[in-house]
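In the numbering used here, the protein residues as written are 1447 to 1590. No residue lacks a Cβ here, since even glycine has one placed at the ideal position from N, Cα and C. Just so you know, these numbers come straight off a predicted model, no measurement behind them. Let me begin by presenting the structure, written as C-alpha cells, before commenting on it.
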C-alpha cells in the first residue's frame, strides 16, 4: 500500500491518475528546490508528470532541468506516495502517484526553462517545514 498525504479524497469528484517523479537534490546539508510563483506561490521538490513514451528517469532529468536549470545525477529511489489534488494548470482533479529519487546536483545549465519557477537553495531543516506538499516534507524529514 502506498501512503497518502495531503487533503482527503473529495466525494463526487472524478480523479485522473497521474504518475510523476520528484527529486530530493541534496548537496551536504542543503537542498536545491524550486519556487513556483503561481497559481499558489510555494516551494516544491522539482519534478512533475511522466510524459507518454518517457521513462521515469528521463522525466526526472527533464523536469529538474525545466524547474531548476540544473543537470543532476540520480542516486537512488527513495519511495512513493499518493496525493489527491486539483491541478489548476490542467483543469482536472488528480490522484498523483509521486515517486521520489535522491539525486545530486551536478551543474547549473542556465536559468529554469519553465516560466514562473526559480531555483532556491535551502537547508534540509527549512525545507522540511517550507515545502508545499506534505508528502515532500515527510521524505525530506527522513533525511534529518
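By the beta-carbon neighbour count (other beta carbons within 10 angstroms, threshold 16), residue 1516 is buried. Between residue 1488 and residue 1560, the gap from beta carbon to beta carbon reaches 8 Å or more. Short of 6 Å from the beta carbon of residue 1533, and not among the five residues preceding or following it, lie these beta carbons of its own chain, in chain order: 1540. In this structure, residue 1580 lies away from residue 1550, with their beta-carbon atoms at least 8 Å apart. Here residue 1511 carries a helix assignment [DSSP, helix/strand/coil].
By the neighbour-count criterion, in which 16 or more other beta carbons inside 10 Å mark a residue as buried, residue 1582 falls on the buried side. Residue environment: residue 1457 is assigned as exposed (fewer than 16 neighbouring CB atoms within 10 Å of its CB, all protein chains considered). Residue state for residue 1448 is assigned as coil, using DSSP reduced to three classes.
Looking at 1546, 1570, 1555 and 1501, the one whose alpha-carbon comes closest to that of residue 1475 is 1570. Counting along the chain, residue 1465 sits inside the beta strand (DSSP E) bounded by residues 1461-1473.
Counting C-beta atoms within 10 angstroms of its own C-beta, residue 1493 has 16 or more neighbours from the protein chains shown and is therefore classed as buried. Per the coordinates, the alpha-carbon of residue 1448 lies some 9 Å from the alpha-carbon of residue 1543. The C-alpha of residue 1521 is placed about 19 Å away from the C-alpha of residue 1584.
For residue 1583, the secondary structure class from DSSP, reduced to helix, strand or coil, is helix. Contact annotation, residue 1491 with residue 1468: C-beta distance approximately 4 Å; criterion of less than 8 Å satisfied.
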